[in-house]
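Undergrad: The opening residue of the sequence shown carries number 1 in full-length UniProt numbering; numbering runs sequentially from there.
C-beta: ideal position from N, C-alpha, C; glycine also.
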Amino acid sequence: SILPRSSLGSAVRRSNSKMAELHYYGAQGRGQQIRYALAEGGVEWKDCSASFPPSDEVKAKWTALGGNLTTNVPMLIMDGKAYTQSSAVLRHAARKGGLMPSDPELQYQVDNIIAAVDDYRTAAYKPIFAAFGGSPDAEANAQLKDVVLPKHFTNFERLLGDDDYFVGNQVSVADMTAFDIFTNFSFNLFPSTKKDFPKLAAFVDRIASRPNMAAYLASDKYTSLMAFPCLE
1 SILPRSSLGS
11 AVRRSNSKMA
21 ELHYYGAQGR
31 GQQIRYALAE
41 GGVEWKDCSA
51 SFPPSDEVKA
61 KWTALGGNLT
71 TNVPMLIMDG
81 KAYTQSSAVL
91 RHAARKGGLM
101 PSDPELQYQV
111 DNIIAAVDDY
121 RTAAYKPIFA
131 AFGGSPDAEA
141 NAQLKDVVLP
151 KHFTNFERLL
161 GDDDYFVGNQ
171 VSVADMTAFD
181 IFTNFSFNLF
191 PSTKKDFPKL
201 AAFVDRIASR
211 PNMAAYLASD
221 KYTSLMAFPC
231 LE
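1) State the DSSP-derived secondary structure class of Ser17, mapped to helix, strand or coil.
2) For Asp47, write down the residues that DSSP places opposite it in a beta bridge.
3) I'd like the list of long-range same chain contacts for Asn68, defined as Cβ closer than 7 angstroms, with 5 residues on each side in sequence excluded.
4) Cβ of Ala88 within 8 angstroms of Cβ of Pro229?
5) Whole angstroms is fine: what's the gap from Ser224's alpha carbon to Asn112's?
6) Counting Cβ pairs closer than 8 angstroms, one from the region 33-41 and one from the region 163-182, do we hit at least three?
7) What number of angstroms, rounded off, separates the C-alpha of Lys221 from the C-alpha of Asp47?
8) Just to confirm the assignment: which complete alpha helix (DSSP H) runs, minimum length 4, are found wholly within the UniProt domain "GST C-terminal" (103-232)?
9) Applying the criterion that 16 or more other CB atoms from any shown protein chain within 10 Å of the CB defines a buried residue, is Thr122 buried or exposed?
10) Starting from Leu76, trace the beta strand (DSSP E) in both directions and tell me its first and last residue.
11) Might you give, ordered along the chain, the residues of its own chain that have their beta carbon closer than 7 angstroms to the beta carbon of Met19, omitting 5 neighbours on each side?
12) Whole angstroms are fine: how far does the CA of Gln28 sit from the CA of Pro127?
13) Terminal residues of the continuous beta strand (DSSP E) containing Ala88?
14) Sorted by chain position, which residues of the same chain lie with C-beta nearer than 6 angstroms to Asp137's C-beta, five sequence neighbours on each side aside?
15) Work out the CA separation of Ala202 and Lys194 for me, nearest whole Å.
16) Straight-line CA distance for Leu22 to Pro150?
17) Taking a contact to mean a Cβ-Cβ separation below 8 angstroms, would you say Ala50 touches Gly66 in this structure?
18) Take His92 and list the residues in its own chain whose beta-carbon comes closer than 8 angstroms to its own, dropping the five residues that flank it on each side.
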């Protein structure tokens with residue numbers, strides 16, 4: 001667990017906020033997996049969304065809250081403390097919501113999925129940003145769709161196997177981060193690829209139909225977020 005510290009150099013900074021807040025942009029991106037973990041874990045939170053690019057005032061507020069001179073968001077304010085670094089925040093939200101297994105072997109499997117998802121998500125950003133910038137990159141799109149995606153998603157189908165969930169066949173934060181890339185960084189970008197990965201497509205439907213997730217996905221909190229564009 002993360003213990004609070006009072007020094008300015010602490011990775012966890014105190015805040016006067018009482019209600020959990022997620023500071024990020026009004027878009028999906030790296031903050032979305034955290035939103036999914038909070039929603040599935042039944043943790044109530046407020047989205048404190050900023051436009052992109054953020055104003056100097058907003059950036060100053062983020063620095064004051066998170067304490068980092070580098071990027072502070074996505075940043076979670078919870079229990080009077082500020083948590084930064086997306087993967088660390090994801091894990092903390094998972095622990096709060098009961099989505100992190102206690103067995104060390106299963107924890108490794110969760111970490112493995114999170115790392116694999118991060119590898120793919122990072123690769124997907126190049127064509128996404130190019131499209132948002134008004135200069136779609138056909139070569140980058142093709143590289144992601146025809147080379148990167150099939151390699152990673154074949155791995156994910158192997159890791160899922162015939163189970164309903166990725167780790168211990170019980171829902172965990174691994175499923176939340178995997179759901180994020182399947183819905184926001186791949187099948188939405190290239191709808192034609194969905195048919196090539198039936199196990200992952202079925203997994204997406206399974207996660208989306210879970211009561212907490214279904215309620216979140218139908219809410220304004222989700223539907224108001226800016227989605228990434230189709231690239232084919």
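TA: Per the coordinate set shown:
1) In the sequence shown, counting from the first residue as 1, residue 17 sits at position 17. Note that Ser17 scores a pLDDT of 47, beneath 50, so its modelled location is shaky and nothing firm can be said.
2) Within the sequence shown, the letter at position 47 stands for residue 47. Answer is Leu22, bridged to Asp47.
3) For the purposes of this step, residue 68 is taken as residue 68 along the sequence shown, with counting starting at 1. Answer for Asn68: Thr84, listed in chain order.
4) Taking the sequence shown and counting its residues from 1, the one referred to as residue 88 is at position 88. Taking the sequence shown and counting its residues from 1, the one referred to as residue 229 is at position 229. Not in contact: Ala88 and Pro229 (Cβ atoms no closer than 8 angstroms).
5) Position 224 of the sequence shown, counting from 1, holds the residue named residue 224. Position 112 of the sequence shown, counting from 1, holds the residue named residue 112. Their backbone Cα atoms lie some 31 angstroms apart in a straight line.
6) yes
7) Taking the sequence shown and counting its residues from 1, the one referred to as residue 221 is at position 221. Taking the sequence shown and counting its residues from 1, the one referred to as residue 47 is at position 47. Rounded to whole angstroms, Lys221 to Asp47 spans 8 angstroms at the Cα level.
8) 104-132, 138-143, 149-160, 173-184, 198-208, 211-217, 220-223
9) One-based indexing of the sequence shown puts residue 122 at position 122. With fewer than 16 other Cβ atoms within 10 Å, it is exposed.
10) Reading the sequence shown from its first residue, position 76 is the one you call residue 76. Following the DSSP letters along the chain, one finds Leu76 inside the beta strand (DSSP E) bounded by residues 75-78.
11) For the purposes of this step, residue 19 is identified with residue 19 of the sequence shown, where counting begins at 1. Closer than 7 angstroms at the Cβ level, and outside the excluded window around Met19, lie Lys46.
12) For the purposes of this step, residue 127 is identified with residue 127 of the sequence shown, where counting begins at 1. For the purposes of this step, residue 28 is identified with residue 28 of the sequence shown, where counting begins at 1. The straight-line gap from Cα to Cα measures roughly 16 angstroms.
13) On the sequence shown, residue 88 is found 88 positions in, with the first residue counted as 1. Premise fails: Ala88 lies in the alpha helix (DSSP H), 86-96, not in any beta strand (DSSP E).
14) In the sequence shown, residue 137 corresponds to position 137, counting from 1. Counting only Cβ-Cβ distances below 6 angstroms, and skipping sequence neighbours, we find Pro127, Ala130.
15) Position 194 of the sequence shown, counted from the first residue, corresponds to residue 194. Position 202 of the sequence shown, counted from the first residue, corresponds to residue 202. Rounded to whole angstroms, Lys194 to Ala202 spans 10 angstroms at the Cα level.
16) Mapped onto the sequence shown, residue 22 falls at position 22. Mapped onto the sequence shown, residue 150 falls at position 150. Roughly 32 angstroms separates the two Cα atoms.
17) Position 50 of the sequence shown, counted from the start, is the residue given in the question as residue 50. Position 66 of the sequence shown, counted from the start, is the residue given in the question as residue 66. Not in contact: Ala50 and Gly66 (Cβ atoms no closer than 8 angstroms).
18) Position 92 of the sequence shown holds residue 92. Hits under 8 angstroms: Ile2, Leu76, Met78, Tyr83.
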